[in-house]
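Asker: My questions will all concern the structure given below.
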Amino acid sequence: FNPERMILQLYPEGQLFPLDNVGSKSNYMFMHLCVYLGLHEHMINIEQTHVPQFLFIDQPSIPYYTGDNDKGNDDKTKLLDAFKLLNTFLEYIIVDKQDHFQIFMVEHAPIDYWENNDLKYFHTVDEFINGKGLIPNNVYNS
217 FNPERMILQL YPEGQLFPLD NVGSKSNYMF MHLCVYLGLH EHMINIEQTH
267 VPQFLFIDQP SIPYYTGDND KGNDDKTKLL DAFKLLNTFL EYIIVDKQDH
317 FQIFMVEHAP IDYWENNDLK YFHTVDEFIN GKGLIPNNVY NS
């Protein structure tokens, strides 16, 4: 993290300067996940009490839903890698470190992405489909 520019940068091993471009939106999404998970792990390790032990993630599938259906299977694999990273982090904190952590995620990917892929720390609270949403249809259609 570059505090002067307020951006994440990657420094390849042995190089003095960061990469100008890390590639796709997917790469940036993974960078952000790693930074925020790392920050939370650090705060748990130093037993701080001022930062709540949760993370809100809004639509990590955004890099993969560009309308290009030719990449669908590869995109699903990359998104599942992100979900597995989150699941592994939760298992590490809950089981290995015997601590608490929660991730709230709003997602548009199909529910079977986590229900059929052994992601035991994922729990669906609600689905907003067929007119059901955070703001119900009857509120704004009346």
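The numbering used here puts the first residue of the sequence shown at 217, with every later residue one more than the last.
Every residue gets a Cβ at the ideal spot worked out from N, C-alpha and C, and that includes glycine.
Going straight from the alpha carbon of Gly254 to that of Ile309, what length do you get?
Answerer: For the purposes of this step, residue 254 is taken as the residue at position 38 of the sequence shown. For the purposes of this step, residue 309 is taken as the residue at position 93 of the sequence shown. Distance between the alpha carbons of Gly254 and Ile309: 11 Å.
Asker: Which value, in whole angstroms, describes the spacing of the CA atoms of Leu350 and Phe344?
Answerer: Indexing the sequence shown from 1 puts residue 350 at position 134. Indexing the sequence shown from 1 puts residue 344 at position 128. Computed Cα separation, rounded: 7 Å.
Asker: Would you check if the stretch 294 to 306 and the stretch 325 to 336 touch, i.e. whether three or more CB-CB distances between them fall below 8 Å?
Answerer: The answer is yes - the stretch 294 to 306 touches the stretch 325 to 336, with three or more Cβ pairs under 8 Å.
Asker: Excluding the 5 residues preceding and the 5 following Val238 in the sequence, name in chain order all residues of the same chain whose CB lies nearer than 8 Å to its CB.
Answerer: Position 22 of the sequence shown, counted from the first residue, corresponds to residue 238. Excluding residues within five positions, the ones whose Cβ falls inside 8 Å are Leu226, Tyr244, Met247.
Asker: Anyone know if the C-beta pair for Pro326 and Ala298 falls short of 7 Å?
Answerer: Here residue 326 is taken as the residue at index 110 of the sequence shown, counted from 1. Here residue 298 is taken as the residue at index 82 of the sequence shown, counted from 1. No. Outside cutoff.
Asker: Could you give the residue range of the alpha helix (DSSP H) that holds Leu255?
Answerer: Here the question's residue 255 lines up with position 39 in the sequence shown. Counting along the chain, the alpha helix (DSSP H) containing Leu255 begins and ends at 241 to 261.
Asker: Kindly list the residues whose CB is nearer than 8 Å to the CB of Phe233, restricted to its own chain and excluding five residues on each side of it in sequence; keep chain order.
Answerer: As a position in the sequence shown, residue 233 is number 17, starting the count at 1. Correct list, in chain order: Tyr227.
Asker: Taking DSSP as the reference, what is the three-state secondary structure of Val322?
Answerer: Residue 322 sits at position 106 when you count from the first residue of the sequence shown. In the structure shown, Val322 sits in a strand (DSSP, three-state: E or B).
Asker: Identify which residue in Phe320, Tyr252, Asn353, Thr265 has its Cα closest to the Cα of Phe338.
Answerer: As a position in the sequence shown, residue 338 is number 122, starting the count at 1. The shortest Cα separation from Phe338 among Phe320, Tyr252, Asn353, Thr265 belongs to Phe320.
Asker: Is it buried or exposed for Leu235, if we count other Cβ within 10 angstroms and need 16 for buried?
Answerer: In the sequence shown, residue 235 corresponds to position 19, counting from 1. So Leu235 counts as exposed.
Asker: In the DSSP output, which residue or residues are listed as bridge partners for Ile223?
Answerer: In the sequence shown, the residue the question calls residue 223 occupies position 7. Ile223 is bridged to Asn218.
Asker: Out of Leu295, Glu263, Val251, point me to the one whose CA is closest to Leu271's CA.
Answerer: Along the sequence shown, read from residue 1 onward, the residue named residue 271 stands at position 55. Among Leu295, Glu263, Val251, the Cα nearest to that of Leu271 is on Val251.
Asker: Going by alpha carbons, who is nearest to Asp291 out of Lys241, Asn218, Val322?
Answerer: Translated into the one-based positions of the sequence shown, residue 291 becomes position 75. Comparing Cα-Cα distances from Asp291 to each of Lys241, Asn218, Val322, the minimum goes to Lys241.
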